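In what follows, a structure is listed as structure tokens, so that the remarks can point back to it.
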Amino acid sequence: MRELREVMHGLSRVKPFAPALLATLVLTGIDAMTPPAAALIVAALIMGYFLRPSPRVKRESKDSKTEIHRNEAEMTILDILPDPVVLVDSRRTVLAATKAAKDMIGPAMVGRDLSQSLRQPQLLSAVSQSFQSGDAQHLETQFSGSLARTFDVHVLALNHEDPARRRAMLVFHDVTERLKLEGMQSDFVANVSHELRTPLSALTGFIETLRGPARDDAEARARFLSIMEMEAWRMARLVDDLLSLSRVEVNEHVRPQGRVNLTELLKTVIATLAQTAQERGNKIVLREGANLPDVTGDEDQLVEVFNNLLSNALKYGAENTTVEVRLDAVARIVDIAVPGVAVAIRNAGEGIASEHIPRLTERFYRIDKGRSRAIGGTGLGLAIVKHIVNRHRGKLTIESAPGEGATFTVQLPEFKTP
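Residue numbering for the sequence shown follows the UniProt record's numbering, starting at 1 and increasing by one per position.
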């Protein structure tokens with residue numbers, strides 16, 4: 001009985017917020033909430049509609065300081081919600097705020113005019129409009145700072161027959177990541193369209209030429225057909241990489257469970273690329289540290305990772321130089337508190353300027369687009385590598401400087417017997 005009384009008492013404290021809770025439930029979506037949060041809000045709604053404020057509460061509300069303290073106490077029940085929530089009166093004085101709101105805007109906001117904490121004219125105007133019309137307002141606004149964030153803000157009018165008792169609740173939902181993903185998706189579609197359009201335009205142009213001016217020119221036909229074949233293979237590689245990237249992204253959250261011997265795997269990859277290295281006058285050297293454990297991984301995907309990295313080391317390195325592949329056991333993977341194996345692939349060549357390094361794993365990012373296309377690059381290889389390494393719960397690091405070559409290091413967790 002004691003526990004039941006405590007629950008009922010806690011719910012009765014949030015009954016004044018029933019309309020706002022209903023709006024929060026609708027805006028957030030019950031499926032997106034944890035069961036306790038959804039259950040608590042539903043229970044509070046029931047209490048809000050069936051219980052009336054007591055005369056004692058009405059008397060207390062006449063004292064603004066008492067009301068602020070009471071509202072703050074009642075608002076703490078909403079601290080379970082991930083989104084910041086702020087309650088203001090018709091003078092835009094902040095009566096209460098959840099912990100998430102105080103963390104975002106500042107703890108000193110309660111008891112002050114909202115404009116002193118939020119320099120957002122559009123948002124302040126929406127609050128005023130909500131009080132004037134009695135209707136909910138919705139807007140998108142940005143908060144500047146060390147990390148700029150974008151929020152969907154819903155201003156919910158809590159109407160009351162007494163104008164002095166009218167309230168508005170502001171619910172902030174962070175949409176920064178969603179907008180970022182939408183932007184990336186848009187850029188990705190634009191890049192894919194461009195990458196496919198370029199070889200298709202070339203093929204169309206050569207076909208028209210072969211039908212016209214070069215129809216009877218055997219030498220021109222042979223040259224154009226060779227270029228057309230190259231462009232067709234380029235499109236095929238792009239499609240293959242797109243499919244590979246799609247497969248990796250779909251399964252990125254599922255960690256592989258296989259056992260892989262990296263030494264044997266790398267020997268196989270090196271043998272596959274031996275002819276390419278020989279044609280450029282390069283040599284691939286494998287150096288192994290002591291006591292190398294096996295790693296947890298998907299063998300086919302790891303072959304793709306190291307084939308990609310070694311191919312890049314040859315393509316973008318200097319001719320007649322050595323590409324070094326070094327394996328070492330590590331006691332602790334960078335940023336991950338587990339032991340594993342580090343595979344460092346180092347070439348000699350032009351190197352990479354520091355401003356390019358953070359973006360190398362972005363889709364279609366190229367330092368020299370013309371050179372990359374000329375040697376058959378699709379701009380997706382390192383993006384695929386990054387996603388595969390992430391799926392393996394590993395770490396990819398890149399070190400380089402102009403004129404000093406580049407070192408790509410992949411660290412993978414060691415295999416643990418279940």
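Even glycine gets a Cβ: it sits at the ideal position worked out from N, Cα and C. Predicted model only: the values in this text are computed from it and were never measured.
Near residue i, what residues of its chain come up, given a Cβ to Cβ distance below 6 Å and the 5 sequence neighbours on each side ignored?
i	result
D368	none
K283	T322
S244	I384
Buried or exposed: residue i, going by 16 or more other Cβ atoms within 10 Å of its Cβ?
i	result
R391	buried
G212	exposed
M230	exposed
V285	exposed
G205	exposed
Q137	buried
P35	Residue confidence for P35 is low, a pLDDT of 45 falling below 50, so the modelled location carries little weight and cannot support an answer.
R5	Any answer about R5 is weak, because its pLDDT of 45 lies below 50 and its placement is not dependable; what the coordinates show is given next. R5 should be labelled exposed.
L45	In this prediction, L45 scores a pLDDT of 46, lower than 50, which makes its location untrustworthy; the coordinate-derived value is nonetheless stated afterwards. Buried: at least 16 other Cβ atoms inside 10 Å.
D216	exposed
V254	exposed
K395	buried
A277	buried
S354	exposed
If you follow the beta strand (DSSP E) that residue i is part of, which residue opens it and which one closes it?
i	result
K416	Counting along the chain, K416 falls outside any beta strand (DSSP E), and DSSP gives it neither H nor E.
F143	137–143
V254	From DSSP, V254 is part of no beta strand (DSSP E); its letter is neither H nor E.
E324	322–330
D113	No beta strand (DSSP E) contains D113, which DSSP labels as neither H nor E.
Keeping to the same chain, check which residues put their C-beta closer than 7 Å to that of residue i; ignore five residues upstream and five downstream.
i	result
M235	L196, P199
L210	R221, F224
T176	R149, T150
P163	S90
F188	R363
L309	I345, V385, F408
From residue i to residue j, what distance separates their C-alpha atoms?
i	j	result
K99	V325	51 Å
V155	S311	55 Å
L265	A232	31 Å
A214	K386	45 Å
L203	I270	34 Å
S144	M104	11 Å
E219	M228	14 Å
G258	V303	13 Å
L51	R112	Any reading at L51 must be qualified, since the residue scores a pLDDT of 37, below 50, and its modelled position is unreliable; the value itself is stated next. If I take the Cα positions, the gap works out to 30 Å.
S193	T296	37 Å
P402	G351	4 Å
Q129	T361	46 Å
F131	P84	20 Å
A318	G349	5 Å
Taking 7 Å as the cut-off, is the C-beta of residue i nearer than that to any heavy atom in the ligand GTP?
i	result
K416	Only the bare structure without any ligand can be found here, which leaves the ligand GTP out of the picture.
Ends of the alpha helix (DSSP H) at residue i?
i	result
F224	218–250
N291	Unbroken run through N291: none, as it is neither H nor E.
L310	299–316
R391	381–391
If I measure Cβ to Cβ from residue i and keep anything under 8 Å in the same chain, skipping five residues before and after, which residues do I get?
i	result
V341	L262, L292, P293, V295, L327, D328, A329, V330, Q411, L412, E414
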